[in-house]
Structures are given as C-alpha cells and as structure tokens.
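**Q** Starting off with a structure, shown below.
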Amino acid sequence: MMDARTQLLSPTHWRWYESLLWIGVFALPALLPSHSLIINEIAIVALFAVSLDLVLGYTGIVTLGHAAFLGFGAYCAALFAKFIHPDPLLGLIVGILAATLLGALCSVTILRGSDLTRLMVTLGVALLLLELANKLDWLTGGSDGLQGVVMGPLLGRFEFDLYGQTAAWYSLSVLLLLFGLARRWVHSPWGATLIAVRDNPLRAAAIGISVPSRLAMVYTLAASVAGAAGALLAQTTGFASLDVFALERSADAVLMLVIGGVGWLYGGVLGAVVFKLMHDIISSITPQYWTFWMGLFLVMLMLIGRERLSPSHWLKKTKGDQA
Amino acid sequence: MLTLLFDGIAYGMLLFILAVGLSVTMGLMNFINLAHGAFAMVGGYITVVLMQRWDIPFLWCLPLAFGGAALLGAVLERSLYRPMYRKPHLDQVLFSIGLAFMAVATVDYFMGSQQQIMQLPEWLRGRTEIGDGENIVLGMGHYRLFIIAVCTVLTVALQYVLTRTRFGSRLRASVDDSRVAAGLGIPVNQVFALTFAVGSGLAGLGGALGAEVLGLDPTFPLKFMVYFLIVVAVGGTSSITGPLLAALLLGVADVAGKYYVPKLGAFIVYALMIAILIWRPQGLFVRKGAK
Chain A
-17 MMDARTQLLS PTHWRWYESL LWIGVFALPA LLPSHSLIIN EIAIVALFAV
33 SLDLVLGYTG IVTLGHAAFL GFGAYCAALF AKFIHPDPLL GLIVGILAAT
83 LLGALCSVTI LRGSDLTRLM VTLGVALLLL ELANKLDWLT GGSDGLQGVV
133 MGPLLGRFEF DLYGQTAAWY SLSVLLLLFG LARRWVHSPW GATLIAVRDN
183 PLRAAAIGIS VPSRLAMVYT LAASVAGAAG ALLAQTTGFA SLDVFALERS
233 ADAVLMLVIG GVGWLYGGVL GAVVFKLMHD IISSITPQYW TFWMGLFLVM
283 LMLIGRERLS PSHWLKKTKG DQA
Chain B
275 MLTLLFDGIA YGMLLFILAV GLSVTMGLMN FINLAHGAFA MVGGYITVVL
325 MQRWDIPFLW CLPLAFGGAA LLGAVLERSL YRPMYRKPHL DQVLFSIGLA
375 FMAVATVDYF MGSQQQIMQL PEWLRGRTEI GDGENIVLGM GHYRLFIIAV
425 CTVLTVALQY VLTRTRFGSR LRASVDDSRV AAGLGIPVNQ VFALTFAVGS
475 GLAGLGGALG AEVLGLDPTF PLKFMVYFLI VVAVGGTSSI TGPLLAALLL
525 GVADVAGKYY VPKLGAFIVY ALMIAILIWR PQGLFVRKGA K
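Chains as they are written, first to last, in this note's numbering: chain A, -17 to 305; chain B, 275 to 565.
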C-alpha cells in the first residue's frame, strides 16, 4: 500500500530508463563524431525549449519574445570571452547572470494585461534588443555579427575541436544539469503553484498564492536558463549574430514545445530533436521554401489539434482508461 | 518640422487602414491573427501585377486590391479560421503565424524575393511646397496627400457605418458581448464573416496604397506584423477611434524618431509601446466596463 505522500511524489522520481536515456545521449557524440555539430545544436535548442516550457507550458504566459534572453546571454557571453576572459565556464556564468538580470527587469512587464498585451510586450523587448544590437555596432559588430570570439579550453584541458565533440559534451552537460534543476523546480510545491496559476489565476490567488510573485520568479528563472542556452550557442560557434534575437527563434521554440508537448519537460527536448531533424531534411530538399512547409505543418497541426500529437496526452489517456 | 508631422500623419493613416480590420476581428472574436499582414501583401501584389502586366490604371487597381483581399479573407474565414475561434490563444498564434509563413514562401515562389517597384501615375508624383527657397515650412508629397485623403474618407465612412447603420449596431453589440448578442437574434457568425472580409479587404487596400511608401517584398507580413499589433494593442479593440489615434501616434513617432535620432531607428517605437503597455495594459483608449 502506498500512502498519499508517496503516491503524490511517485511521478516526480527519477526513473531508471531516464538514466539509460541520458547515458545513451551522452554516448552519441562518441558514436557519431561526424554529427557532433548537430547534436550540439540540438542540445542548445532543447535547453532553450525547456526554458520556454517553464514560462509557457507550466505558467501559461504566451510569449513570442523568449529569444530576447537567448540573445542577451549569447552576446554577453561572447563579449565576455572577447574582451575579458576566454574561459567558457566563467562566460557561461556571466551569460546566465546577465540574462537573469534582464529577466528580472522584464518580469515587471508581464504581470498585467491580457494574452495580447503579453505577446506584444515580450515581442517588443526582443525587437528592442535586436535594434540595440544592430545599432551599437562599435560593440556588437552590428549586422555583421560579433566576430573573433576565441574560446579557451574547457576546464583548462579540453580544447574545442573542429568537429564539435567537446562542444557537444559541454552543451549536453549543461543541458542535463539545468534540466535536472528545472525538474526539481516544477515538481516542488512551488512548481505546483505555477500550474495552479496557469489553470486559474483568480482561484490561485484565492487560496493564497501570490500570482505576481510567481509570474516574476518563473520568468526570471526561465530567462536564466535561456541565457545559458544563448551563452552555449555563442561559445560553441564562436560567433554571435543578430538572428539570435529574431522572431523566428522564439517562434521555432514555441513550435518545438508544441511538437513535443507543452507542460512536460521532456516535451521541449523531444520537440527540439524532431524539429531540428525535420528542419534539416526539409531544407535539404527545398532550401529556400522550407518556411512554407513549416507553416503548412503548423496550420494543419492546429486545425487537427495539437494535444493529439503529444505523448503526454496518450499517456494520460491510457492511465485514465486503467483507472 | 511640419513636413515631418505631415509624413507621420500620412504614415499613421496608412497604418490605421492596414490595422483596423485586425482590431475589429480581435475585439469581436478575441482571436489573435498574426496573418493579417498577409492580406495586405496580397492587395499590394495584386496592384503591382495588374499595373505592370496589364497596364490597368492605378485608381482601378485599388478597388480590385480591396476586392481580391476581401474575397480571400472571406474564403479563409469560412474554411480555416472558423474552427480556431474556440481554441486557446497559443493555438491561434501558432496557426496564424503558420499562415503568415506560408504566405511569405508562396509569394516568394511566384514573384521572387526582390522588392517590387510601383510606377505611380504622373499626377501623383511631385510635391507641393509652402514657404520659400531655403526655409520650407511644409513640403507635401502629392502621393502622401492622396493617401491622407483616401484614408480620411474611409475612416469617416467606417465611423458612419459603425455608429449609424443597423449593421454597425449589430457589430458593436457582438463586440461587447457576443453571447448576449446571439441571444437577441443577431447572426453573430455572419456579422463576423462580413467584418473579417471587409477588414481583410481594407488591409489589401492599405497594402496597395502603401506599396510605394512601405516597400513591398515577400517578408511584408512579418515585417509589419509588429506595427499592426502595436496599433491594436495600444489602441484597444473596442472602438475605431482608439486604433486611429494609436496609428497616428505610431506614425508620427516613427517618422520623427527616424529623422531626429537615426542611430536608434525603430528603438523609440518599441520603447514607447512597452512603456504604454506597462502603464495601461489594456491599451490607451479603453472604455470603462468593456471586456
């Protein structure tokens, strides 16, 4: 017999197959060294999608400007490496701190208003930063991007090689670390209050949850995770360009989440894998018009109903049948 | 100085015509439509193609652009948009951004990605200047004058339809509370379909008028989506005077900002929008009690 406590906690335990999964993932760069670059890229966008999931999936804040934090982290990390110190871990911390600060500032903007207002404000912040990065060309290189970022070896030992094996392992480690943290957050009582806020802010406030403080906290936390993703992106590519702030970045991340399942941390990771592979395949067939197929996919998906796609939907359904 | 104000007003009027349909549909069905710019682009391309390939005079192209975009809007509303009304906002955002992506790629495929150039008729080129020689007080491009005239007529007509006709009162009732309106026997769905078509048509007309001022290339829907949304978010969705004032404000701020501090570019507009939305999250001009 399970008592109520263990029963409630049971979905939060780390399962044996999760360990297997992560071991498998970490073996990938060794098994497929020629694909290390894309593994690195997937790990980074997966981290970004996980961060968006905290905001969008768990708390229900509709945002189209999450790339603001990705981009800010990327530029800060790249600038730090270029002008101050080339150590990647220090740069990562700088990127995270910078994005956290920005997230805390921006969290003021999402506390009030409807979905449309939030959409506009988040989008506005991303565009604002894009404009800034474009115009401050003495610092950021403007539309040419920030070039000449040379990273030092990781932990003082592992050089970033051309095939990206080191980069892939580095990104995967950060992904695993932050994924684990995010998992702790959403399964904590504090995470449960987030879901309450998402489902009904009015009732959440009525049982004593401070809605504005929850929104601000989760937005700041998600910003720091996105900043980490941005820092990884800048460090492993040695480059930061304006497109890190672009609307497409944010929209792609939302799409990944929707593919993988919203409000489910593995959804972000799964969505990132599917999205990146799909992107690669389609753009190798029609490099110029792949946005058409992306758009068609989105439209069809929304018309059919996105909840049919996510594994969590099917899991819930089978569980419901058993009960 | 006055010239800047004049250009800003012309720009703002244009934005208003482009965005007014979006504001009404958003207020009516609470539907976030990010693909609105696609209708404007369709209107713009209709005009360019008609003028270049078939030498149809500019003035005839405008109603055709309106009709084409309105027809497309009506068809899409019936077929694709209707099932989306009851879905959550996230779905609507993704759905309409998907439509916008498709529109961009389709136009790119058929028309090429280069900027389209519009040949204005002779009588719309040129410029009238008030003041002498060195210190021109006010310089008015004829085409901008034309834009202001057309948009003013349209605005007055819209305001008249909305406040004085039976259709207008039905529309306002549906915006205020569509359930009660339906209960009173107003055919909300038909009202909405018609409004959507007219709104898309106005966007098409705005696209046709604006092709010369704003530039027309396949990325138009994404490039100006933000501007339309700013107009709607700042102006509120409960009247057409709100979006009008918001559009004028945006137009003047954008033109003046780009003239006085070109280094900052569009920065000013975005900063202004964020500030306004933090200060008044529901928009600047909202009636009390409206939902």
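Built from N, CA and C at the ideal position, the CB exists for glycine as well. Being a predicted model, the structure only gives us computed values, none of them experimental.
For Trp272 of chain A, which residues in the same chain have their Cβ closer than 8 Å to its Cβ, ignoring the five residues on either side in sequence?
**A** Position 290 of the first sequence holds residue 272 of chain A. These residues qualify, in order along the chain: His261, Ile264 and Ser265.
**Q** Is Thr99 of chain A close to chain B? Criterion is C-beta to C-beta, closer than 7 Å.
**A** Residue numbering aside, residue 99 of chain A sits at position 117 when the first sequence is read from its first letter. At least one chain B Cβ lies under 7 Å of Thr99 of chain A.
**Q** Does the beta carbon of Lys532 of chain B sit closer than 7 Å to a beta carbon anywhere in chain A?
**A** Counting from 1 along the second sequence, the entry for residue 532 of chain B is found at position 258. For Lys532 of chain B, the closest Cβ of chain A is not nearer than 7 Å.
**Q** Is it true that the stretch 18 to 30 of chain A meets the stretch 78 to 90 of chain A, where meeting means three or more beta-carbon pairs spaced less than 8 Å apart?
**A** no
**Q** For a contact defined as C-beta to C-beta under 8 Å, what are the partners of Gln556 of chain B on chain A?
**A** The residue given as residue 556 of chain B occupies position 282 in the second sequence. Neighbours of Gln556 of chain B on chain A, chain order: Gly95, Ser96 and Thr99.
**Q** Can you list the residues of chain A that Phe375 of chain B reaches, using a CB-CB cut of under 8 Å?
**A** Here the question's residue 375 of chain B lines up with position 101 in the second sequence. Neighbours of Phe375 of chain B on chain A, chain order: Thr273, Phe274, Met276, Gly277 and Leu280.
**Q** Which bits of chain B does Val236 of chain A rub up against, with CB to CB less than 9 Å?
**A** Taking the first sequence and counting its residues from 1, one reaches residue 236 of chain A at position 254. Leu364, Val367, Leu368 and Ile371, listed in chain order.
**Q** Alpha helix (DSSP H) containing Trp120 of chain A: first to last residue?
**A** The residue labelled residue 120 of chain A in the question sits at position 138 within the first sequence. Asp119 to Thr122 is the extent of the alpha helix (DSSP H) around Trp120 of chain A.
**Q** In three-state terms, what does DSSP make of Gln464 of chain B?
**A** By one-based count along the second sequence, residue 464 of chain B stands at place 190. In the structure shown, Gln464 of chain B sits in a helix (DSSP, three-state: H, G or I).
**Q** Return no unless some Cβ of chain A is closer than 7 Å to the Cβ of Lys497 of chain B.
**A** The residue given as residue 497 of chain B occupies position 223 in the second sequence. So no, Lys497 of chain B is outside the interface.
**Q** List the residues of chain A that Val378 of chain B touches, going by C-beta distances under 9 Å, in chain order.
**A** Residue numbering aside, residue 378 of chain B sits at position 104 when the second sequence is read from its first letter. Result: Thr273, Phe274 and Gly277.
**Q** Could you tell me whether the stretch 105 to 112 of chain A touches the stretch 530 to 544 of chain B, using the rule of 3 or more Cβ pairs below 8 Å?
**A** yes
**Q** Using a Cβ-Cβ cutoff of less than 6 Å, which residues in the same chain neighbour Gly475 of chain B once the five nearest sequence positions on both sides are dropped?
**A** Walking along the second sequence from the start, residue 475 of chain B turns up at place 201. Closer than 6 Å at the Cβ level, and outside the excluded window around Gly475 of chain B, lie Phe340, Ala343 and Ala344.
**Q** Run down chain A in chain order and give the residues with a C-beta less than 9 Å from the C-beta of Met358 of chain B.
**A** Locating residue 358 of chain B in the second sequence gives position 84, where the first residue counts as 1. In chain order: Met284 and Leu285.
**Q** Out of B:Phe494, B:Met275, B:Ser448 and B:Phe502, state which residue places its alpha-carbon closest to the alpha-carbon of Gln389 of chain B.
**A** For the purposes of this step, residue 389 of chain B is taken as residue 115 along the second sequence, with counting starting at 1. It is B:Phe494.
**Q** In the DSSP assignment, what residue or residues form a beta bridge with Ala222 of chain A?
**A** Position 240 of the first sequence holds residue 222 of chain A. Answer by DSSP bridge pairing, in chain order: A:Leu128.
**Q** What are the boundary residues of the alpha helix (DSSP H) that includes Lys361 of chain B?
**A** Counting from 1 along the second sequence, the entry for residue 361 of chain B is found at position 87. Here Lys361 of chain B belongs to no alpha helix (DSSP H), and DSSP marks it neither H nor E.
**Q** Spell out whether any CB of chain A is found under 7 Å from the CB atom of Phe470 of chain B.
**A** Reading the second sequence from its first residue, position 196 is the one you call residue 470 of chain B. Answer no: the Cβ-Cβ gap between Phe470 of chain B and chain A never drops below 7 Å.
**Q** Could you pull the DSSP bridge partners for Gly347 of chain B from this structure?
**A** Position 73 of the second sequence, counted from the first residue, corresponds to residue 347 of chain B. Looking at the DSSP assignment, Gly347 of chain B forms no beta bridge with any residue, so it has no partner.
**Q** Would you kindly check if the distance between the Cβ of Ala213 of chain A and the Cβ of Leu74 of chain A is under 7 Å?
**A** Working through the first sequence from its first residue, we reach residue 74 of chain A at position 92. Working through the first sequence from its first residue, we reach residue 213 of chain A at position 231. Their beta carbons are under 7 Å apart, which means Leu74 of chain A touches Ala213 of chain A by this criterion.
**Q** List the residues of chain A that Leu503 of chain B touches, going by C-beta distances under 7 Å, in chain order.
**A** Numbered from its first residue, the second sequence carries residue 503 of chain B at position 229. Within 7 Å Cβ-Cβ: Met102.
**Q** Return the chain-ordered ranges of every alpha helix (DSSP H) run that is complete within the stretch 492 to 534 of chain B and spans a minimum of 4 residues.
**A** Here the runs fully enclosed are 494 to 509 and 515 to 534.
**Q** Closer than 8 Å between beta carbons: that is the criterion. Which residues of the stretch 102 to 135 of chain A meet it against chain B?
**A** If the cut-off is 8 Å between Cβ atoms, the stretch 102 to 135 of chain A has Met102, Val103, Leu105, Gly106, Val107, Leu109, Leu110, Glu113, Leu114, Asn116 and Lys117 near chain B.
**Q** Among residues of its own chain, excluding the 5 on either side of Arg100 of chain A, which ones have a beta-carbon nearer than 7 Å to its beta-carbon?
**A** Counting from one through the first sequence, the residue named residue 100 of chain A turns up at place 118. Taken in chain order, the residues that qualify are Ile43, Val44, Thr45 and Ile92.
**Q** Taking only beta carbons into account, state which residues of the stretch 183 to 204 of chain A come closer than 7 Å to chain B, listed in chain order.
**A** none
**Q** Between Leu121 of chain A and the rest of its own chain, which residues show a CB-CB distance below 8 Å, the 5 nearest in sequence each way excluded?
**A** Position 139 of the first sequence, counting from 1, holds the residue named residue 121 of chain A. Excluding positions up to five away in sequence, the list reads Leu61.
**Q** Just the chain B side, please: which residues come within less than 9 Å of Val90 of chain A by C-beta, in chain order?
**A** The sequence position of residue 90 of chain A within the first sequence is 108, counting from 1. Within chain B, the residues near Val90 of chain A are Ile552.
**Q** Does Phe544 of chain B get closer than 7 Å to chain A when you measure Cβ to Cβ?
**A** For this step, residue 544 of chain B is matched to residue 270 along the second sequence. A small correction: the amino acid at residue 544 of chain B is Tyr; Phe does not occupy that position in the sequence shown. Interface residue, yes.
**Q** For the stretch 317 to 348 of chain B, list the alpha helix (DSSP H) runs that are entirely contained and at least 4 residues long, ordered along the chain.
**A** The stretch 317 to 348 of chain B contains no complete alpha helix (DSSP H) run of 4 or more residues.
**Q** Below 7 Å on C-beta distance, what does Asp450 of chain B contact in chain A?
**A** Indexing the second sequence from 1 puts residue 450 of chain B at position 176. None at all; the shortest Cβ gap to chain A is about 16 Å.
**Q** Which value, in whole angstroms, describes the spacing of the CA atoms of Ala149 of chain A and Gly220 of chain A?
**A** What you label residue 149 of chain A is simply residue 167 of the first sequence in a count that begins at 1. What you label residue 220 of chain A is simply residue 238 of the first sequence in a count that begins at 1. Computed Cα separation, rounded: 11 Å.
**Q** For chain A, is any of its Cβ atoms less than 7 Å away from the one on Ala549 of chain B?
**A** The sequence position of residue 549 of chain B within the second sequence is 275, counting from 1. Answer no: the Cβ-Cβ gap between Ala549 of chain B and chain A never drops below 7 Å.
**Q** Below 7 Å on C-beta distance, what does Tyr383 of chain B contact in chain A?
**A** Position 109 of the second sequence, counting from 1, holds the residue named residue 383 of chain B. Correct list: Tyr271.
**Q** Can you tell me whether Phe375 of chain B is buried or exposed? The criterion is at least 16 other CB atoms within 10 Å of its CB, across all chains shown.
**A** Within the second sequence, the letter at position 101 stands for residue 375 of chain B. That one is buried.
**Q** Using the C-alpha atoms, what's the distance from Leu197 of chain A back to Ile550 of chain B?
**A** Within the second sequence, numbered from 1, the residue matching residue 550 of chain B stands at position 276. Within the first sequence, numbered from 1, the residue matching residue 197 of chain A stands at position 215. If you take the alpha carbons of Ile550 of chain B and Leu197 of chain A, they lie about 20 Å apart.
**Q** Going by Cα to Cα distance, which pick from B:Ala530, B:Leu490, B:Ser513 and B:Leu522 is closest to Met315 of chain B?
**A** The residue labelled residue 315 of chain B in the question sits at position 41 within the second sequence. Among B:Ala530, B:Leu490, B:Ser513 and B:Leu522, the Cα nearest to that of Met315 of chain B belongs to B:Leu490.
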